[in-house]
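Residue numbers (the UniProt record's numbering): 1 to 131.
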């Protein structure tokens with residue numbers, strides 16, 4: 001499943017989100033894009049090993065890879081990758097991405113996938129700042 005414009009590796013029949021959660025995630029991505037001038041996407045599904053390289057390949061498929069931030073999550077594998085393009089990396093440090101990742105992982109561990117993604121989008125956008 002994807003939210004954003006990344007082509008999924010596998011499209012699940014039944015997604016893990018309610019319609020309300022999908023709308024909230026879509027709104028969070030839209031606001032993050034508008035406020036920062038970057039492009040935020042979510043990929044939810046399996047990540048082949050090594051997961052970082054798989055996420056980087058997905059990131060390369062985004063609309064504007066240089067300005068993109070991809071949050072790739074594989075709940076079944078318990079993997080999370082945050083990939084930033086060159087322009088986004090100048091505004092979101094590795095430390096900031098790791099902190100957002102820790103916050104997301106804490107929510108995921110509590111069973112709140114949508115809430116964790118919302119937290120991650122918000123933290124990454126906050127660290128990126130305004131255009």
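Ideal Cβ placement from N, Cα and C applies to all residues, glycine included.
Just so it is clear, the structure is predicted and the values come from calculations on it, not from any experiment.
Per DSSP, the continuous beta strand (DSSP E) segment holding residue 84 begins and ends at 79 to 84.
With a cutoff of 8 angstroms on beta-carbon distance, residue 71 and residue 84 are scored as not near each other. For residue 25, the enclosing alpha helix (DSSP H) covers residues 19 to 36.
Here the alpha carbons of residue 111 and residue 124 stand approximately 21 angstroms from one another. Per DSSP, reduced to three states, the secondary structure at residue 93 is coil, with no helix or strand assignment. Under DSSP, residue 68 takes part in a beta bridge, and its partners are 39. Taking the Cβ atoms as the reference, residue 75 lies roughly 7 angstroms from residue 108, within the contact range of under 8 angstroms.
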